[in-house]
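Numbering (the working numbering), first residue to last: 112 to 303. Contents: one structure, followed by commentary.
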Amino acid sequence: MTEAHCTKYSIHPGSTKMYQDLKKLFWWRRMKRDIAEFVAKCDTCNRIKVEKQRPAGLMKPLEIPMCKWEKITMDFIVGLPRTPKGNDSIWVIVDRLTKTAHFIPSLHKAMGTKLDYKIAYHPQTDGQTERVNQLLEDLLRACMLTYGPNWEDSLPYAEFSYNNSYQASIEMSPFQALYGRQCRTPLMWEEA
Numbered sequence: 112m113t114e115a116h117c118t119k120y121s122i123h124p125g126s127t128k129m130y131q132d133l134k135k136l137f138w139w140r141r142m143k144r145d146i147a148e149f150v151a152k153c154d155t156c157n158r159i160k161v162e163k164q165r166p167a168g169l170m171k172p173l174e175i176p177m178c179k180w181e182k183i184t185m186d187f188i189v190g191l192p193r194t195p196k197g198n199d200s201i202w203v204i205v206d207r208l209t210k211t212a213h214f215i216p217s218l219h220k221a222m223g224t225k226l227d228y229k230i231a232y233h234p235q236t237d238g239q240t241e242r243v244n245q246l247l248e249d250l251l252r253a254c255m256l257t258y259g260p261n262w263e264d265s266l267p268y269a270e271f272s273y274n275n276s277y278q279a280s281i282e283m284s285p286f287q288a289l290y291g292r293q294c295r296t297p298l299m300w301e302e303a
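Here it is as structure tokens:
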């Protein structure tokens with residue numbers, strides 16, 4: 112279970128995501144309960160995963176795109192500690208159909224870019240990207256506790272872990288939705 116929960120390729124998923132990933136490869140009696148107990152006892156998870164649930168407002172569902180990467184959402188995570196490479200923010204890009212995300216370190220201040228937080232009138236906010244941002248922040252906090260303070264070094268692992276985690280809304284991982292197959296992770300290497 113450690114391999115499926117706390118490595119650079121699988122950064123502290125919740126019990127539901129971990130169960131969905133493991134049930135394809137393994138089975139044992141009381142598996143779901145064992146996984147839930149394992150995650151509940153994880154010190155890193157207990158330190159980083161702060162519940163940020165807000166009361167739900169009225170929501171209007173977005174139209175489902177017909178093609179991959181036809182419609183994307185974007186956001187920035189700003190105010191991060193400056194890395195040795197000088198980056199202080201992350202550009203988050205999410206495909207609305209497959210939920211695949213790319214996390215790009217950026218340096219908006221030195222490039223003279225001014226982030227304008229005004230949103231054009233839209234009846235709903237971009238909750239999907241906000242949720243991805245929240246998950247990314249949790250992944251990076253876990254990495255920083257385990258691997259050190261430079262968030263930029265952990266960004267590729269966070270992207271890999273996010274894109275290979277089960278997403279309930281599409282009933283598979285973003286990687287599988289994009290490529291039509293599961294990504295071969297170290298957990299699966301013994302199958303080959």
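C-beta: ideal position from N, C-alpha, C; glycine also. These figures come from a predicted structure and were not determined experimentally.
Check                                                                                                                                                                                        : Outcome
From what residue to what residue does the alpha helix (DSSP H) around F149 run?                                                                                                             : M142 to A151
Check D304 in the structure and name its three-state DSSP category.                                                                                                                          : No information on residue 304 is available, as it lies outside the stretch 112 to 303 that the chain covers here.
Only counting the same chain, and skipping five residues up and downstream in sequence, which positions put a Cβ closer than 8 Å to that of I281?                                            : T209, K210 and A288
Which same chain residues end up closer than 8 Å to M299 when comparing Cβ atoms and leaving out the 5 residues on each side of it in sequence?                                              : L136 and Q293
Give me the residue from Y290, K182, S276 and M283 with the minimum Cα distance to C117.                                                                                                     : S276
As an exercise, report each continuous alpha helix (DSSP H) stretch of at least 4 residues that is fully enclosed by the segment 254-301, in chain order.                                    : 262-274 and 285-290
Tell me the residue span of the beta strand (DSSP E) that contains I215.                                                                                                                     : A212 to S217
Measure the alpha-carbon distance for V205 versus E181 and round it to whole angstroms.                                                                                                      : 11 Å
DSSP three-state call for K128: helix, strand or coil?                                                                                                                                       : helix
Are P271 and Y120 touching if we call contact CB-CB under 8 Å?                                                                                                                               : A small fix is needed here, since residue 271 is Phe in this sequence, not Pro. Yes, they are a contact pair.
Any idea what DSSP makes of A115, helix, strand or coil?                                                                                                                                     : helix
Starting from the C-beta of N198, find all residues in its chain whose C-beta is less than 7 Å away, skip the five residues before and the five after it, and write them out in chain order. : P216, S217, L218 and E263
Smallest Cα separation from L173: which of K134, P260, M112 and R207?                                                                                                                        : R207
I need the straight-line Cα distance from A212 to A151, nearest angstrom please.                                                                                                             : 27 Å
For I159, report the span of its beta strand (DSSP E) as first-last.                                                                                                                         : That residue, I159, is in no beta strand (DSSP E); its alpha helix (DSSP H) goes D154 to I159.
Taking buried to mean at least 16 other C-beta atoms within 10 Å of its own C-beta, is N274 buried or exposed?                                                                               : buried
So, under 8 Å CB-CB, P267 and Q278 are touching, yes? Tell me the CB distance rounded to an integer number of Å.                                                                             : In fact, because the Cβ distance is near 20 Å, the residues do not count as touching under 8 Å.
Taking the beta strand (DSSP E) that D186 belongs to, which residues open and close that run?                                                                                                : I183 to I188
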